[in-house]
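Engineer: Questions regarding the structure given below will be posed in turn.
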């Protein structure tokens, strides 16, 4: 039978030749090769990274290539393959593949690949690319060849597709391609295309691509695509394939993204028997043990068949199929597991008895069963008293049920959980006896916030800001960047300096997370810090409510023209410290973290709890402060909560010393602080020292603060908007401003510039209205943080470069853009390279576009 | 550099056709005064007179630039390809361009299948699967590749050699200017130099597109890719005996498709910037 069939094919080929027709020559290029850096390895259980027996794109491409080659030869085509092995030498250069194809006299060229997103997103669809713009191929009919293949590949129903196939010219697919193009299509004289048959980083597909039959089917479908292109239908064979899955049980190995039927467990090691309609076995194949459930019967004569699937843990199933010539038939099976015994709870949590320690207020209730359960029915059989709003989670392919309260249990409360006998497993058998457990909760329900910075309404220096959350227990350090979001007025998330983020450790007196803000804020603009309720400690105890704080960015180093600098803190050697408490380590040093000049004065204190120290300088003696003046100081805080004050003495020493209070260092970053204190307007004062003190109720284990320019100037302090300086903001302040604008009559002229724009206008009246109406505060929409991507798969180099900067990645590089350090676009290219031959020397940013993702890299040009 | 005390000095570098059009597949004639080039897809064929900078269009047809060759008598031989709309097969036609008369004539009618261009010291041939053409009965010493065979013809006697194993096949064969050596590329092996009897004299490494610079040196392309796009490409100078190699351009230059003739080397870049250089080799 087989011999006579192939004789028929040879006869058809002979007829072609007799009619002056020729059978086509097909050049097959199984993409990549060699298990090297330009190959694509996807790590899947049970293979280790780099294991050549695991998934490599070069392996599946080669399997498909072999299948295509064999199918085409069986049909009478002539073929060439660019490789038949998978070693480094078989991974031919692009120019070589093109030249080999051209010299082979090929009519059509197939480059066989599979796709990858190269980023965290997952999808699975088919992509066909030909050279040129979409609809305008460089080599005529390449778009037709691509289309015929895509239609055949899309018919694969053993896969789960997330969308229909896509066809494009590579110039269109990569905007601004700039004559580069896919290397194997560039200069290729055959009608040619590159197929990305599926996404090999979509893990269920990765497992399928490990299966020989699955790859064979793709090769077979390629051959059908070639037949379609040339209009051939003389080959009288068909094929049937499919996917065998559990009819309800979720995948056991499931730590990856899945779509549709891929969520269910593939049936491994099943025996698949091809039968004629009289139940006589014709052929047998098996699903492998690599979690794909794929089977196939190849080169079948058209007709009706039965397919029976057997597996020891499942009920057998038989289906009828009709195989047609030159077609692929797909017949999937959903098998029911054999579950012979009723369900039982074989393990549970919490196991608690009267007298045991109470449990956390978020303790999950867990039941483990001997069978995979009917989730919907079993959830309905679950009862908890007193009632608690909660949610269920199923694990281990529905063998484990987890109940968690949406918020938290009540404190100091006894709970009883019952699973009644309506609970059933996937086979429909019910629980024989109800199952009950009890537990009691502890006193603590929520995570308590001790402190937070910024505080509501704070003014925060716009550069190098830091945010901090302090809580009553150590925070869970996982994923907190998703839970603390800082946004500008438009809701755009600011970026964090993750590397320098500090978190609490075991033994610290409280929990904290301290995050430096990488983004520079805009002075005068409002920002919002949002912390979601799910922020939790290491025990999973979360906040009672989400936190929203609005604050304004300011320039703490803004020039104050009315003031005089009386100490610039540039020379640390001028200062000495006297530790009154005498049991604390205190150190003074110069710091380059400054607002003015080149240095600031850093004060570092270990154990400030017992600190009572004074900082002295002979240079203070030169400064005379009038009693009607005020002192201002630039302080870089660390939220250490120490107090800062200035010790003054009247020059005639006729009264007791006075102290100007600069307040508590309960903030991070630079801040301009005007001291508060009562000086006698008729006297003059000199500075004795700057003194620190600690707050015993708010202890901290160390402090590092910095001081920059100390200023004196006319009194300006008062309540913001308090134009008439009566201590509150009222309508009378608006009257005062009207009087000034209408008559020029205002006693408190210095406080009239409410909005700080340098003049007194009607805008200042509006500003006072805003304060009165409270409309200055607002709540921004919470958005997830979007840090600049630094895709670790992307490599860029050389740095510096004088001619070309090249980018490579585990995925299609759509294009690159070069920006100068001011953010101006310098050049754009659709390929994976940037020509910088004519670019000025300097530092630049290269953005690499991969799919919908962008990766940013610092590069340099040096000629 | 693997051995020897040679010093290679770049003595001149001249951009060609800059601002006019991108150029690919450059091919210098033996005397180095004329240059063939094509577009990025090897469609069309043009000739640049390096003395006058005059550009002449030889062909606008598909594939004309892919394997155009100069014959020793100064004519241009090239092969065009078209997709037949009726049977959707690719047909290839052999053509010859007379540079004196500025005209092309068909020397090998359109046919299906591969057509191999054979360059000889005294003539040219085009070997198709159905029909052949030869410019002279005795083409002196000539060479071409077909599959994994090196076809060497000396005074009319053809011999076929397989000097090294290569599943995918051989490409880019040429005879040294003094006619005593052959350089070709074996896929998976790289550049191989043999004598006229197919005996391997040296293997120069995984470089592509070998082209004789003089009797002792070969220029070649050294490119890497990620399976989709080029990631680096440079021009190498290789001593034919395998004792010396030198980077004429850096890896990141994306320079490719070298050609040599008359003491000149021409190459292009991935975006078609053509450059002519001269070098001095101090041995």
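Protein chains in written order, with the numbering used here: chain B, 19 to 881; chain W, 5 to 287.
Note that CB positions come from ideal geometry on N, CA and C, so glycine has one too.
(1) Roughly how many whole angstroms lie between the Cα atoms of residue 242 of chain W and residue 263 of chain W?
(2) Pull up the CB-CB distance for residue 623 of chain B and residue 473 of chain B, whole angstroms please, since I reckon it's below 8 Å.
(3) Excluding the five sequence neighbours on either side, which residues of its own chain have a C-beta within less than 8 Å of the C-beta of residue 683 of chain B, listed in chain order?
(4) Is residue 28 of chain W helix, strand or coil by DSSP?
(5) Using a Cβ-Cβ cutoff of less than 6 Å, which residues in the same chain neighbour residue 651 of chain B once the five nearest sequence positions on both sides are dropped?
(6) Under the three-state reduction of DSSP, which class applies to residue 19 of chain B: helix, strand or coil?
(7) Name the chain W residues whose beta carbon is nearer than 7 Å to that of residue 824 of chain B?
(8) Closest by CA to residue 128 of chain W, which one among W:255, W:96, W:184 and W:144?
(9) Mark residue 821 of chain B as exposed unless 16 or more other C-beta atoms lie within 10 angstroms of its C-beta, in which case mark it buried.
(10) For chain W, check one thing: does any of its Cβ atoms lie closer than 8 Å to the Cβ of residue 100 of chain B?
(11) Helix, strand or coil, according to DSSP, for residue 177 of chain W in the structure here?
(12) Assuming residue 297 of chain B contacts residue 324 of chain B under a Cβ cut-off of 8 Å, what Cβ separation, rounded to an integer in Å, is found between them?
(13) The beta strand (DSSP E) that contains residue 681 of chain B, what's its start and end?
(14) Compute the Euclidean distance between the alpha carbons of residue 580 of chain B and residue 732 of chain B, then round it to the nearest angstrom.
(15) From what residue to what residue does the beta strand (DSSP E) around residue 668 of chain B run?
(16) Residue 38 of chain W: which of W:191, W:14, W:266 and W:252 sits nearest, CA to CA?
(17) With a Cβ-Cβ cutoff of 8 Å, do residue 494 of chain B and residue 396 of chain B count as a contact?
(18) Judging by CA-CA distance, which residue of W:178, W:175, W:179 and W:148 is the nearest neighbour of residue 164 of chain W?
(19) Please state if the CB of residue 100 of chain B and the CB of residue 115 of chain B are separated by a distance shorter than 8 Å.
(20) Does the pairing of the region 151 to 158 of chain W with the region 185 to 205 of chain W give three or more beta-carbon distances under 8 Å?
(21) At which residues does the beta strand (DSSP E) containing residue 337 of chain B begin and terminate?
(22) Residue 166 of chain B by DSSP, collapsed to three states: which one?
(23) Assign residue 389 of chain B to one of three DSSP states: helix, strand, or coil.
(24) Can you give me the start and stop residues for the alpha helix (DSSP H) that residue 226 of chain B sits inside?
(25) Tell me the rounded alpha-carbon separation between residue 542 of chain B and residue 466 of chain B.
(26) Assess contact between the region 377 to 391 of chain B and the region 205 to 217 of chain B, defined as three or more Cβ pairs (one per stretch) separated by less than 8 Å. Is contact present?
(27) What is the rounded straight-line gap between the Cα of residue 277 of chain B and the Cα of residue 399 of chain B?
(28) Among residues of its own chain, excluding the 5 on either side of residue 572 of chain B, which ones have a beta-carbon nearer than 6 Å to its beta-carbon?
(29) In the DSSP assignment, what residue or residues form a beta bridge with residue 422 of chain B?
(30) If we cut at 8 Å on Cβ distances, does residue 206 of chain W have a partner in chain B?
(31) In the DSSP output, what is residue 707 of chain B paired with across the bridge?
(32) What residue range does the alpha helix (DSSP H) around residue 241 of chain B cover?
(33) Looking only at its chain, what residues have a beta carbon closer than 6 Å to the beta carbon of residue 250 of chain B, apart from the 5 residues adjacent to it on each side?
(34) Mind listing which residues of the region 38 to 56 of chain B have their C-beta closer than 7 Å to chain W's C-betas, in chain order?
(35) Check each residue of the region 83 to 112 of chain B: if its Cβ is closer than 7 Å to any Cβ of chain W, include it; give the result in chain order.
(36) Might you give, ordered along the chain, the residues of its own chain that have their beta carbon closer than 7 Å to the beta carbon of residue 89 of chain B, omitting 5 neighbours on each side?
Structural biologist: According to the structure shown:
(1) 13 Å
(2) Their Cβ separation, rounded to whole angstroms, is 23 Å, which puts residue 623 of chain B and residue 473 of chain B out of contact at 8 Å.
(3) 653, 655, 656, 657, 658, 659, 660, 661, 662, 721 and 723
(4) strand
(5) 680, 691 and 728
(6) In this predicted model, residue 19 of chain B has a pLDDT of only 44, less than 50, meaning its place in the structure is not dependable; the value taken from the coordinates is given anyway. DSSP places residue 19 of chain B in coil when its eight states are reduced to three.
(7) 235, 236 and 256
(8) W:144
(9) buried
(10) yes
(11) strand
(12) 7 Å
(13) 676 to 682
(14) 7 Å
(15) Per DSSP, residue 668 of chain B belongs to the beta strand (DSSP E) from 661 to 668.
(16) W:266
(17) no
(18) Ranking the options by Cα distance to residue 164 of chain W, first place goes to W:148.
(19) yes
(20) yes
(21) Judged by DSSP secondary structure, residue 337 of chain B falls within the beta strand (DSSP E) whose first and last residues are 335 to 341.
(22) helix
(23) coil
(24) 221 to 227
(25) Roughly 32 Å separates the two Cα atoms.
(26) no
(27) 29 Å
(28) Spatial neighbours of residue 572 of chain B in its own chain (CB-CB distance under 6 Å, excluding positions within 5 residues in sequence) are listed in chain order as 477 and 541.
(29) B:409
(30) no
(31) B:665
(32) Boundaries of the alpha helix (DSSP H) harbouring residue 241 of chain B: 230 to 248, taken from the DSSP string.
(33) none
(34) 39, 40, 42, 43, 49, 50 and 56
(35) 100, 101, 102, 107, 108, 110, 111 and 112
(36) 237, 238 and 241
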